[in-house]
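Engineer: Residue numbers (our numbering): -4 to 247. Think of the CB as a built atom: it goes at the ideal place given N, C-alpha and C, for glycine as much as any other residue.
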Ligand SMILES: Nc1ncnc2c1ncn2[C@@H]1O[C@H](COP(=O)(O)OP(=O)(O)OP(=O)(O)O)[C@@H](O)[C@H]1O
Ligand SMILES: [Mg+2]
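#1: Given residue 52, which residues of its chain have a CB within under 6 Å of its CB, disregarding the five upstream and five downstream residues?
#2: Under 8 Å by Cβ, that's how I've got residue 132 and residue 193 pegged, so tell me the actual separation to the nearest angstrom.
#3: What are the start and end residues of each continuous alpha helix (DSSP H) run of 4 or more residues lying completely inside the region 52 to 130, in chain order?
#4: Roughly how many angstroms lie between the CA atoms of residue 48 and residue 39, to the nearest whole one?
#5: Mind checking whether residue 122 and residue 30 have CB atoms under 9 Å apart?
#6: Measuring only the C-alpha atoms, how far is residue 243 from residue 16?
#7: Where does the unbroken beta strand (DSSP E) through residue 205 begin, and where does it stop?
#8: Please state if the CB of residue 227 and the CB of residue 195 are separated by a distance shorter than 9 Å.
#9: Among 79, 50, 54 and 68, which residue has its Cα nearest to the Cα of residue 43?
#10: Near residue 74, what residues of its chain come up, given a Cβ to Cβ distance below 6 Å and the 5 sequence neighbours on each side ignored?
#11: Residue 152: beta carbon under 8 Å from a heavy atom of ligand 2?
#12: For ligand 1, any of its heavy atoms closer than 8 Å to the Cβ of residue 30?
#13: Taking 8 Å as the threshold, find out whether the region 138 to 153 comes into contact with the region 203 to 217 through three or more Cβ pairs.
#14: At a cut-off of 8 Å, would you count residue 184 as near ligand 2, judging by its Cβ distance to the nearest heavy atom?
#15: Please tell me whether, using a cut-off of 8 Å, the distance from the CB of residue 241 to the nearest non-hydrogen atom of ligand 2 is below it.
#16: Write down the C-beta distance between residue 130 and residue 155 rounded to the nearest angstrom, noting that I regard them as a contact closer than 8 Å.
#17: Could you tell me whether any non-hydrogen atom of ligand 1 is closer than 8 Å to the CB of residue 238?
#18: Return the CA-CA distance between residue 191 and residue 220, expressed in angstroms with no decimal places.
#19: For residue 199 and residue 68, which I take to be in contact (beta-carbon distance under 8 Å), what is that distance rounded to the nearest angstrom?
#20: Which residues have their C-beta within less than 5 Å of a heavy atom of ligand 2, listed in chain order?
#21: So, is residue 103 buried or exposed, given that buried needs 16 or more other C-beta atoms within 10 angstroms?
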């Protein structure tokens, strides 16, 4: 199934499972700085259930509130069990989550997970989340460079909050609801993310960038990155779901 179709299907089953699926199901949990996403794919690799909750358990890629993280994952697990009408005992994750009542079947790093979903042989996976910008360079189907730097959607919220003199929570809401309107204010922050991408892809400046993660879902952000770095950029609708779906397993 093509990537964009799989993302559309995943977005359509947010909190509500697909009517039909094939066994066995695989579950993935992506515990991020901003969002905790639980994704389920079926036996063919088709997304059949996705749910998300805000998360404040991580800072700079480190779990700082383990109990909070476990409680968030446990809530997502309980909702998924109710929606799917079955128990979920196992999941693949980027962090072990035994305390949330899930035994970890596989530990996957986020960039490899994103590319398990996107399936790029030659190109760059860029996962810009709430707190950090992760980059993996693929060449001939192999991961040849991996790195990350602080900076993501939360920093854009800080810029907007400072400029508009509103709280960070209000800035986050305004950015999501009316991103286009604030693009001029956010441009320097987006260009700073672009600079991180450029540093992390040193030596591979011609490869196309594939944008995963929520922070660059801002309308116009992909164009700013493309023109600032003068390189091809591919953006995906519902990009926030790419890494969680890849954690759950291989795409159909
Ligand atoms: N529609 C949207 N428009 C603009 N920004 C968005 C939108 N939806 C989500 N975001 C931003 O995406 C970020 C969260 O993305 P994501 O879920 O990929 O991060 P995360 O995985 O929690 O963080 P990290 O990977 O850094 O630990 C937040 O900063 C949020 O403001
Ligand atoms: Mg993330």
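Structural biologist: In short:
#1: Within the chain shown, the letter at position 57 stands for residue 52. Once the five neighbours on either side are set aside, the close Cβ partners of residue 52 are 58, 60, 63 and 64.
#2: In the chain shown, the residue the question calls residue 132 occupies position 137. In the chain shown, the residue the question calls residue 193 occupies position 198. Rounded, the Cβ-Cβ distance is 12 Å, inconsistent with contact.
#3: 61 to 79 and 105 to 113
#4: Counted from its first residue, the chain shown places residue 48 at position 53. Counted from its first residue, the chain shown places residue 39 at position 44. Cα to Cα, residue 48 sits roughly 26 Å from residue 39.
#5: Reading the chain shown from its first residue, position 127 is the one you call residue 122. Reading the chain shown from its first residue, position 35 is the one you call residue 30. Not a contact, by the Cβ cut-off of 9 Å.
#6: Along the chain shown, read from residue 1 onward, the residue named residue 243 stands at position 248. Along the chain shown, read from residue 1 onward, the residue named residue 16 stands at position 21. Those two C-alpha atoms are separated by around 15 Å.
#7: Reading the chain shown from its first residue, position 210 is the one you call residue 205. It spans 204 to 207 - the beta strand (DSSP E) in which residue 205 sits, taken as one unbroken run.
#8: The residue given as residue 195 occupies position 200 in the chain shown. The residue given as residue 227 occupies position 232 in the chain shown. Cβ atoms of residue 195 and residue 227: not closer than 9 Å.
#9: The residue labelled residue 43 in the question sits at position 48 within the chain shown. Nearest C-alpha to residue 43 among 79, 50, 54 and 68: 79.
#10: The sequence position of residue 74 within the chain shown is 79, counting from 1. Cβ neighbours of residue 74 beyond the five flanking positions: 46.
#11: Sequence index remark: in the chain shown, residue 152 carries index 157 (1-based). Every heavy atom of ligand 2 is 8 Å or more from the Cβ of residue 152, so no.
#12: As a first step, residue 30 is located in the chain shown; it is residue number 35 there, counting from the start. Indeed, a heavy atom of ligand 1 lies less than 8 Å from the Cβ.
#13: yes
#14: As a working note, residue 184 is residue 189 in the chain shown. Outside the cutoff, so no.
#15: Counted from its first residue, the chain shown places residue 241 at position 246. In terms of side-chain proximity, the C-beta atom of residue 241 is found no nearer than 8 Å to any non-hydrogen atom of ligand 2.
#16: Looking up residue 130 in the chain shown gives position 135. Looking up residue 155 in the chain shown gives position 160. That belief does not hold up - the Cβ atoms of residue 130 and residue 155 are roughly 24 Å apart, past 8 Å.
#17: Taking the chain shown and counting its residues from 1, one reaches residue 238 at position 243. Residue 238: yes, Cβ under 8 Å from ligand 1.
#18: Within the chain shown, numbered from 1, the residue matching residue 191 stands at position 196. Within the chain shown, numbered from 1, the residue matching residue 220 stands at position 225. Their backbone Cα atoms lie some 11 Å apart in a straight line.
#19: To locate residue 199, count along the chain shown from 1; it is residue 204. To locate residue 68, count along the chain shown from 1; it is residue 73. Residue 199 to residue 68, Cβ: 35 Å. No contact.
#20: What you get when you keep residues with a C-beta closer than 5 Å to any heavy atom of ligand 2 is 27 and 124.
#21: Mapped onto the chain shown, residue 103 falls at position 108. Buried.
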